[in-house]
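Colleague: Handing you this structure, nothing more for now.
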Amino acid sequence: MYKGSIYIETFGCQMNTADTERAATGLRAAGYQLTQQAEDADVVLFNTCSVRARAEQKVFTRIGEVRRGAKEPLIGVMGCVAQLEGETIFAQAPSVRLLVGTRATDRLPTLIEQARAGARRVIDLGERQAGEEWAVSPAERRSKHVAFVPIIEGCNKFCTYCIVPYSRGRERSRPAVEIVAEIERLRELGYSEVHLIGQNVNSYRPKTESGLEGHTGATPFARLLRAVAATGIPRIKYTTSFPRDFHTDIVQAMDEHENLCNWIHLPVQSGSDRVLRSMRRGYKVSDYLARVEAIRGAKRRYALTSDIIIGFPGETRKEFKDTMRLVEQCQFDSLYIFKYSKRRGTPAAKLADIVSDNEMAARFVELEALQKEIQAQIFSAYVGQTVSVLVAGESTRSTVDVTGHTTCNKVVNFPGDVSLIGRIAPIRVTGAKAHSLYGERCEI
Ligand code: 5AD
Ligand code: SF4
63 MYKGSIYIET FGCQMNTADT ERAATGLRAA GYQLTQQAED ADVVLFNTCS
113 VRARAEQKVF TRIGEVRRGA KEPLIGVMGC VAQLEGETIF AQAPSVRLLV
163 GTRATDRLPT LIEQARAGAR RVIDLGERQA GEEWAVSPAE RRSKHVAFVP
213 IIEGCNKFCT YCIVPYSRGR ERSRPAVEIV AEIERLRELG YSEVHLIGQN
263 VNSYRPKTES GLEGHTGATP FARLLRAVAA TGIPRIKYTT SFPRDFHTDI
313 VQAMDEHENL CNWIHLPVQS GSDRVLRSMR RGYKVSDYLA RVEAIRGAKR
363 RYALTSDIII GFPGETRKEF KDTMRLVEQC QFDSLYIFKY SKRRGTPAAK
413 LADIVSDNEM AARFVELEAL QKEIQAQIFS AYVGQTVSVL VAGESTRSTV
463 DVTGHTTCNK VVNFPGDVSL IGRIAPIRVT GAKAHSLYGE RCEI
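In terms of the working numbering, the numbers along the sequence shown are unbroken and rise by one, the last being 506.
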C-alpha cells in the first residue's frame, strides 16, 4: 500500500550513506516512495553527522530551508546528531517532530507511522533489537558498481577528541557468513567494487566463527579479508583502520590476493608522542612508523593515506613540527587535515591551552603546502604507467571526459563517454593534477 513520499538527505561518513540505504530499504518495503526532491516529499529525513562542529550546524540550516518550503512535510532527524542531542533538537528546531538514533534505523517505518498518526513528538534513541538485519536492497544502493558493506559499527576506543563512541555506541561486528553472502550477491548483480566499512574495520571481532572457517590469519579481520577475497569480486577496499590493531597478517593477506586493493587508509592524527598520549590513541609515533615500514616492505606498492588533526589542545609549535616531520617521513598519497573541533562531552573538551584560530589556520596552511609537494611527486610518478580504472560517471569538470578511480583509490579522468560507466578500463596516465590523474584509454 502506498504511504507517501520520503526524501532523505545524508551528511557525513560512509556509515551514514550505508544507513540511508538501509533506511530506504525498510521504508520502501513499508510502502513509501523515495524521492530526490525535498520540496515534493511528505516526509523529510536528515541523516546527520556530528564529528566536527561545522557538520552539525549545517543540518539546522537545512531544516530551516525545508520548513520554509510550500509543503509542510514531517521533518525528522536521524543519525549522530539525533543520538547525541536528543530532545534538545525539538527545542532548537520546533518543526522537527521525529528523532531517530543511530541504532534505530530499522524502526523508522513504525516511528514515522506514529508521527503521522498525530503524535506530536516521536523519539527513539534505543539499541538495535534482535532480528533486525543489516540487509540493504540492491534497489536502494547509491551506485550500481561500488557498494558499501558495513562489517563493524560503533567504536570502543574513546580517543579523547572524538564523539563517535557516544554517537554510535560500542563495537558490534557483523557475522562473516552474512558479509560474504552479501558480497557474493553483489558480485552476481555485477558490482565490481565493495568497500568494507566501519569506524575501525581491523578491530573486527564477530561473536561467531561462521564464515571464517578455513581462512587463515592471526586476527579475525585478516581472516575476513581472505574470506571476502575468495568470493572473486574484482575489487575490495576497506576503511577505516586503527593503527594499533593494524597487524602484519593484514598486509600478508593483501599481498596474497590481487582483488584486495592496494590502498590503506591509516589515520595517524599526530606526529607527537605527547599529543598522541593526550588523544589517548594507544600508540607511539614509532609504532605507527613500524606499521608503515611493514606496508612499504610488502610485495606490492600500497597507496597510503591518513588523517591528521592539527591544533589539538596544548599542541605546541614544536609538536606541530613533529607532525610535519612524520608527514615528510610517511609520504602519504593523500592526507585529510582537520582543524581540531571541540565536541561537548568528550574528555578533550575540558582541556586548556586552546590553540588560537590564527595559529590553527597557519598550521593548516603549512601542513597542506608540505603535503601538496609530496603528493605532486607521488602523483607525477604515475605518468606513463597504465592503471585499471573503474568508471563511475561523467566528469564534473569537462563534458568530454569520464571519471573513475584506480585500485589505489586515485581519481582518474579521461576522454570517453557514458557507455563506459561501470566498466573497468586500462588507462595510460598522461598527466597529474593536485588531486587527480589524467589519462587515455589503451589496450593491454
Ligand atoms: N576535531 C577534528 N577532527 C576530528 N576527527 C574526529 N574527531 C574530530 C574532532 N573533534 C577527524 C579524525 C578522524 C576523522 C574521521 O575525523 O582525524 O580520523
Ligand atoms: Fe573516534 Fe578514535 Fe573511535 Fe576513530 S578510533 S571513531 S577517532 S574514538
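For every residue, glycine included, the Cβ atom is placed at its ideal position computed from N, Cα and C.
Since this is a predicted model, take the numbers as computed values, not measurements.
Considering only the alpha carbon of each residue, which of 296, 370 and 405 lies closest to residue 399?
Modeller: Closest by alpha carbon: 370.
Colleague: Looking at residue 403 and residue 35, is the spacing between their C-beta atoms short of 8 Å?
Modeller: In the structure as shown, the chain starts at 63 and stops at 506, and residue 35 therefore has no counterpart that could be examined.
Colleague: Expressed to the nearest angstrom, what Euclidean distance is found between the alpha-carbon atoms of residue 170 and residue 141?
Modeller: Rounded to the nearest angstrom, the two C-alpha atoms are 12 Å apart.
Colleague: Per DSSP, residue 140 is paired with what?
Modeller: Residue 140 pairs with 109 and 162.
Colleague: When the Cα of residue 449 is compared with those of 409, 499, 483 and 455, which residue comes out closest?
Modeller: Residue 449 has its Cα closest to that of 499, out of 409, 499, 483 and 455.
Colleague: Mind checking whether residue 159 and residue 137 have CB atoms under 8 Å apart?
Modeller: Contact: yes.
Colleague: For the 8 Å Cβ check, are there 3 or more pairs between the region 372 to 388 and the region 312 to 327?
Modeller: Verdict: no, contact absent.
Colleague: How would you write the range of the alpha helix (DSSP H) that residue 306 sits in, first residue to last?
Modeller: Segment: none, residue 306 is in no alpha helix (DSSP H) and carries neither H nor E.
Colleague: Let me check one thing: in DSSP terms, what residues is residue 428 bridge-paired to?
Modeller: Paired residue(s): none; residue 428 is not in a bridge.
Colleague: Check whether the Cβ atoms of residue 144 and residue 163 lie closer than 8 Å to each other.
Modeller: Contact flag set, yes.
Colleague: For residue 475, report the span of its beta strand (DSSP E) as first-last.
Modeller: Segment 473 to 477, the beta strand (DSSP E) holding residue 475.
Colleague: Just the Cα atoms here: how many angstroms apart are residue 100 and residue 182?
Modeller: Cα to Cα, the separation comes out at about 21 Å.
Colleague: Strictly closer than 6 Å from CB to any heavy atom of the ligand 5AD: give me those residues in the order they appear in the chain.
Modeller: Listed along the chain, these residues meet the criterion: 113, 114, 223, 224, 329, 331, 369, 371, 400, 402, 403 and 405.
Colleague: How is residue 64 classed by DSSP in three states: helix, strand or coil?
Modeller: Three-state result, residue 64: coil.
Colleague: May I have the straight-line CA-CA distance separating residue 372 from residue 401, to the nearest angstrom?
Modeller: Cα-Cα distance, rounded: 5 Å.
Colleague: Sorry if obvious, but does the Cβ on residue 375 come closer than 7 Å to a heavy atom of the ligand SF4?
Modeller: No.
Colleague: In three-state DSSP terms, what is residue 330?
Modeller: Three-state result, residue 330: coil.
Colleague: Below 8 Å between beta carbons: does that hold for residue 452 and residue 247?
Modeller: It is not a contact, given that the beta carbons lie outside the stated cut-off.
Colleague: Pull up the DSSP beta-bridge partners for residue 465, would you.
Modeller: Bridge partners of residue 465: 455 and 475.
Colleague: Quick check on residue 81: does DSSP put it in helix, strand or coil?
Modeller: Looking at residue 81 - three-state DSSP - the assignment turns out to be helix.
Colleague: Are the CB atoms of residue 217 and residue 233 within a distance shorter than 8 Å?
Modeller: Contact: yes.
Colleague: Quick one: what does DSSP say residue 411 is sitting in, helix, strand or coil?
Modeller: Helix.
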